[in-house]
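Colleague: One structure, pasted below without further comment.
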Amino acid sequence: MSQLNAYLLVSALLFSIGLAGALLRRNAILVLIGIELMLNAANLNFIAFWRYGPNPAALTGIMFTIFSITVAAAEAAVGLGIILAVYRHTKSTDISQMNTLKG
Amino acid sequence: MAWIVQNLWLVPALPILAGGVIAVTKQRHRAVAASLAIGSMAISFLLALCAFAHVLLHGTEAKEVFNFPWLQFGTEWLKLGWILDPLTAVMIVMVTFVGLLIFIFSVGYMSDDKNFTRFFCFLALFAGAMLGVVIANSLLLLFMCWELVGLTSYLLIGFWFDKPSAAAAAKKAFIVTRIGDLGFFLGIAWLYFETHTLLFYDGGAGCLEHSALTTLVTHATIYGLTASTGIGLLIFCGAAGKSGQVPLHVWLPDAMEGPTPVSALIHAATMVAAGVFLIARIYPLMSANIASLPPLTPTVALQVVTWIGAITALFGALVAVAQYDIKRILAYSTVSQLGYMMMGLGVGGPSVGMFHLITHAFFKALLFLGAGSVIHGCSGEQDIRHMGGIRKFMPITFAAYTCGMLALCGFPLFAGFWSKDEILHSAFAWSISSIPFYMGAFGALLTAFYMTRQMCYVFIGTYRGHAHASHDQEAHSHHAHGHDPHESPLVMTAPLAILAVFAVLLGFLGTPAWPWFQSFLEGEHATFSFAGFAAANTVQLMLASSLIVFLGLFVGWSIYGRKPIESATAPDALAVAQPFAMSTLAHAFYIDALYGATILRLNAWFAILSDVADRFVWGGFVKAFSFFILGLAWLDNFFDKYVVNAGFDAGCDTVSLSGRSLSLLQRGRVQGYLRTIGVALIVIVILLLWGAKA
Amino acid sequence: MFLVFLILAALTILGTAAAMGLRKPIHCILALTVGLVGLAMLYLLLGAQFVGFTQILVYVGAVAILAVFAIMMTQGGKMNLEPHPEKPSSSTLLAGGAVAGAVFAVIAWAILSNSPSGTTTPAQPSVTVVEIGQALMHKYVLPLEIMALLLTAALIGAVILAMPKEQEKS
């Protein structure tokens, strides 16, 4: 197992944990946090490949990660804003209760 | 080619054009209509004179034709054309001159009629069509103009169409002549079949020229008749219809329902002469003989023509004796004279027949116009029993009428004498039989007799028309009860005078001493010499016919003229003596009744049968078909409502049902969606990896 | 080095697992912070210093705090357990867990089956902030501007979404 593989496994584990959280938690904020974790796992993947990849001078991994972090932050802000708005409407953050958009 | 020959088409075209223009003129523009018609006829007359002069100067040359191709079918061409030869020249001069005089007469005669313009339109069309018949070089063009002549005759006879008798007479004329035309058309078709050309003269290729005639003569048909005889007889059917030969004469007396100028123009001078002219035109065909017979032997066709002509001559004269309508006497007289013309054609050839045609045109037109003048003067009265003593009231008419009457009877030195004598002379010399001669002679006797009778009734004695109110026989608006008759205006008496001059003098163109007319027709020059009188039997026959005429005049005078007829209701002297004979003659040997009982009844049954067939058979088909269509429509409706619509509705229901079913996938729970995405991700990655591995 | 890596990885994993597993949301966030710090250290270990510090700045400093604020506001002061007393049903638990586990298994298999060819570890690249800045201004200037736009939009959107609509209640 090379170093790269180790990092990649960590990243995979992180992704799965994030996914599990997003699937299982009932609080909307925690689902959002799970999604953030999945993004972080992808970031780790990028940095690991940048470090152990063939062309580190191209800075591609770093750049992608920076932009990913930016986007994740913006998304978290907006998502939490939505959750607050929904909370004000339904007085609850339980997403299993928010199923009015059903067929 | 001479200018006049190339432009001969103008002669019929101008009157037809005038007729066309008058047709669109308003009824109140009378002067326009009359002047157009008279003007066009005058110009045609001048052109006819030019043509006549041309033929006179160049008469010895070959007949001048102008042919042009008209209709192409397959590889063959139908050609039309016109011809200028002596026959044409004399006919167009006669037709235009007599027509012109009659047009002028009509201006006065029809002045009270509110359909003045329409009359002149039809007259002009008729004149154009008749001239077309005369100049035609193609049997097809002749036939087309022939039919036009028949049409215009129908329109003119039925001019006062609101009178039922006039409408019936017009229909009768048209149908009877149509029967003759059927034979004519069959003849044309047969001729085309044999010779493949309908042109008369075409530089050697025409159907009256040598090569075509030999073809026709050598084709023997049924009963050993040659094709030329067969075709000639069929074409004679058409001529018999138009010229009122027995048995197709029945329309002529009834045609007197038309206005008197019509009777004068059409049924005396021109249209009825068209039949005689036709036979004269195709005379080479009628007389073409098989090479084995000696020349000038009469063919079967000519024999038939002669016999029918003789029968008609006698028949007409007999029936005219017993008539009381002034125009009917003249009508039967016309029938009789047409018989003479046909007989003349049969026994003596075109020159004999045509000479009588020309003279007859003048004096018969004169007689009809005179009768019209008398009728006009008597405010519409046509029964001779209600006339009398007109001599005192209408002297000019009387004088002209006398000229015409003497010419008709064949009084020596008048026109009719010379022409009728020619016919009797040729009949006497006929190689087949001399019965036609005796029939003709007896007919001449009767002619003199009935004309004298008419003159005595009309012009001599006392006027018997006072007590009798004038019926609306001629739709005149005269309100003359008890009015004395008056002389006609100058516009009517002038043509009478002109025609009287011709009636007297025209005969001198064809005397045996100077047979200018006959020679002109045959393209030769005539010399004046009294040696002509020395020909066989000429002087004897002239004396004999003069005696016949005097005898007839005497008998007529003694019965009708010596004792003036007292009252309108007094019976006819002859009717008292021979009531049965007179009534048979008065009813024209009951031929009309015979036709009515047989042919007309058959026709009526056939019409009823056709009506029933039309209503129940064809109508039944149509109804059945429509029911079928309705059934199809019902089926279509049913199909549309229960199959198409239902299917469509079912389809839409299925779509909405599937939509509703699919929407059940949306539970509204986000985590469920995410779970599905996760599973999809797993599946895709596995696929990719397995694919990459393989 | 490997030991450091193991410790840091374990820290991260445990922290995030705790973040997803604890009952009270506020505890979850605190555990998350630990996990995120561990991740930042992994970045530092990998030599991406700028990214590591950015991670701490943004995630720990902003996102986690934001999440705390959100939790505070949505629970309305009541320090309850999970809003709904009922637990998720066991079938849901099983399904979710199974999916997550399957995802990890597949990815791990993908990773392990594709071993990189070279066993030689490349040298540690050194990246200065100057280089990052220059890259941002030259090669990546367009994404930079787009990020700016995105952030502006997110800012405005978040404000509007979270703004209380007290005017309508009256």
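Protein chains in written order, with the numbering used here: chain A, 701 to 803; chain B, 79 to 772; chain C, 1230 to 1399. We treat Cβ as the ideally placed atom computed from N, Cα and C, and that holds for glycine. Just so it is clear, the structure is predicted and the values come from calculations on it, not from any experiment.
DSSP beta-bridge partners for B:Asp280?
Modeller: Answer is none; B:Asp280 lacks a bridge partner.
Colleague: Where are the beta strand (DSSP E) runs, 3 residues long or more, that stay fully inside the segment 1248 to 1282 of chain C, in chain order?
Modeller: With a minimum length of 3 residues, no continuous beta strand (DSSP E) run stays inside the segment 1248 to 1282 of chain C.
Colleague: By DSSP, does B:Phe239 sit in helix, in strand, or in coil?
Modeller: Here B:Phe239 sits in coil by DSSP.
Colleague: From this set, B:Gln596, B:Gln618, B:Val254, which residue's C-alpha is nearest B:Pro331's C-alpha?
Modeller: Comparing Cα positions, the closest option is B:Val254.
Colleague: Under 8 angstroms by Cβ, that's how I've got B:Leu447 and B:Phe183 pegged, so tell me the actual separation to the nearest angstrom.
Modeller: Indeed, because the Cβ distance is near 5 angstroms, the residues count as touching under 8 angstroms.
Colleague: For C:Ala1339, return the contacting residues in chain B, with the cut-off set at a CB-CB distance below 7 angstroms.
Modeller: Within chain B, the residues near C:Ala1339 are Val763, Leu767.
Colleague: How is B:Pro573 classed by DSSP in three states: helix, strand or coil?
Modeller: Looking at B:Pro573 - three-state DSSP - the assignment turns out to be helix.
Colleague: Taking the alpha carbon of A:Asn743 as the reference point, which residue from A:Leu732, A:Asn727, A:Ile766, A:Leu723 has its own alpha carbon closest?
Modeller: Among A:Leu732, A:Asn727, A:Ile766, A:Leu723, the Cα nearest to that of A:Asn743 is on A:Ile766.
Colleague: Is there at least one Cβ from chain B nearer than 7 angstroms to C:Val1287's Cβ?
Modeller: It does not: the Cβ of C:Val1287 has no partner Cβ on chain B nearer than 7 angstroms.
Colleague: Under a CB-based cut-off of 7 angstroms, is A:Asn799 close to chain B?
Modeller: Yes, A:Asn799 lies at the interface with chain B (some Cβ there is under 7 angstroms from its Cβ).
Colleague: At the level of alpha carbons, what is the spacing between C:Phe1298 and A:Ser711?
Modeller: Distance between the alpha carbons of C:Phe1298 and A:Ser711: 28 angstroms.
Colleague: What is the DSSP secondary structure of B:Trp87, reduced to helix, strand or coil?
Modeller: Looking at B:Trp87 - three-state DSSP - the assignment turns out to be coil, as it is neither helix nor strand.
Colleague: Which whole-angstrom value describes the C-beta separation of B:Ala333 and B:Ala443, a residue pair presumed to lie in contact below a C-beta threshold of 8 angstroms?
Modeller: Not quite, the Cβ-Cβ distance comes to about 15 angstroms (not below 8 angstroms), so this is no contact.
Colleague: Determine which residues of the segment 761 to 785 of chain A have a Cβ less than 8 angstroms from any Cβ of chain C, and write them out in chain order.
Modeller: So the close ones are Gly761, Ile762, Met763, Thr765, Ile766, Phe767, Ile769, Thr770, Val771, Ala772, Ala773, Ala774, Glu775, Ala776, Ala777, Val778, Leu780, Gly781, Ile782, Ile783, Leu784, Ala785.
Colleague: Use the C-beta contact count for B:Gln105: other C-beta atoms within 10 angstroms, 16 or more gives buried, fewer gives exposed.
Modeller: The residue is exposed, with fewer than 16 neighbouring Cβ atoms inside 10 Å.
Colleague: Tell me which residue opens and which closes the beta strand (DSSP E) that B:Pro147 is part of.
Modeller: 142 to 151 is the span of the beta strand (DSSP E), which, as asked, contains B:Pro147.
Colleague: Strictly under 7 angstroms for the Cβ-Cβ distance: is B:Val748 near chain A by that measure?
Modeller: Yes, because at least one Cβ of chain A sits closer than 7 angstroms to the Cβ of B:Val748.
Colleague: What residue range does the alpha helix (DSSP H) around B:Gly756 cover?
Modeller: From DSSP, the alpha helix (DSSP H) with B:Gly756 extends over 748 to 771.
Colleague: Note down, in chain order, each residue of its chain lying with its Cβ closer than 7 angstroms to the Cβ of B:Ala248, except the 5 sequence neighbours on either side.
Modeller: Cβ within range, chain order: Tyr232, Ile235, Gly236.
Colleague: So, does the CB of B:Arg753 fall closer than 7 angstroms to a CB anywhere in chain C?
Modeller: Answer yes: the Cβ-Cβ gap between B:Arg753 and chain C drops below 7 angstroms somewhere.
Colleague: Measure the alpha-carbon distance for B:Glu287 versus B:Gly387 and round it to whole angstroms.
Modeller: Roughly 26 angstroms between the two C-alpha positions.
Colleague: Could you tell me whether the Cβ of C:Thr1245 comes closer than 7 angstroms to any Cβ of chain B?
Modeller: Judged by the 7 angstroms Cβ criterion, C:Thr1245 is not in contact with chain B.
Colleague: Which of helix, strand or coil does DSSP assign to B:Asp499?
Modeller: Helix at B:Asp499.
Colleague: Rounding to the nearest angstrom, what Cα-Cα distance links A:Asn705 and B:Gln749 in this structure?
Modeller: If you take the alpha carbons of A:Asn705 and B:Gln749, they lie about 30 angstroms apart.
Colleague: Do the CB positions of A:Ala758 and C:Leu1380 come within less than 7 angstroms of each other?
Modeller: In this structure, C:Leu1380 does not lie closer than 7 angstroms to A:Ala758 by Cβ.
Colleague: Shortest alpha-carbon distance to B:Pro362 belongs to which of B:Pro428, B:Asn215, B:Cys456, B:Ala526?
Modeller: The shortest C-alpha separation from B:Pro362 is found at B:Pro428.
Colleague: If you draw a straight line from the alpha carbon of B:Gly521 to that of B:Leu392, how long is it in whole angstroms?
Modeller: Near 5 angstroms, if we compare the C-alpha coordinates of B:Leu392 and B:Gly521.
Colleague: Residues of chain A with CB under 8 angstroms from C:Thr1241, in chain order?
Modeller: By Cβ distance, chain A contributes Val710, Leu714.
Colleague: Among B:Val413, B:His438, B:Asp190, B:Gly737, which one has its Cα closest to the Cα of B:Leu326?
Modeller: Answer by Cα proximity: B:Val413.
Colleague: What is the rounded straight-line gap between the Cα of B:Ser704 and the Cα of B:Val721?
Modeller: Distance between the alpha carbons of B:Ser704 and B:Val721: 25 angstroms.
Colleague: Figure out for me which residue from A:Ile783, A:Leu724, A:Ala777, A:Leu784 has the closest Cα to the Cα of C:Ile1385.
Modeller: Ranking the options by Cα distance to C:Ile1385, first place goes to A:Ala777.
Colleague: Residues in its own chain within less than 7 angstroms of B:Ala553 by CB, not counting five upstream and five downstream?
Modeller: Residue placement at B:Ala553 cannot be trusted, given a pLDDT of 42 that sits under 50; the coordinates are not used to answer.
Colleague: May I have the straight-line CA-CA distance separating B:Val761 from B:Asp714, to the nearest angstrom?
Modeller: Distance between the alpha carbons of B:Val761 and B:Asp714: 54 angstroms.
Colleague: So, for C:Leu1273: in the same chain, excluding its five sequence neighbours on each side, which residues have a beta-carbon less than 7 angstroms away from its beta-carbon?
Modeller: So the qualifying residues of the chain are Gly1281.
Colleague: Does the beta carbon of B:Gly729 sit closer than 7 angstroms to a beta carbon anywhere in chain C?
Modeller: No, its Cβ sits nowhere closer than 7 angstroms to a Cβ of chain C.
Colleague: Report the residue from B:Arg531, B:Phe716, B:Met419, B:Gly467 whose alpha carbon sits nearest the alpha carbon of B:Gly494.
Modeller: Per the Cα distances, B:Met419.
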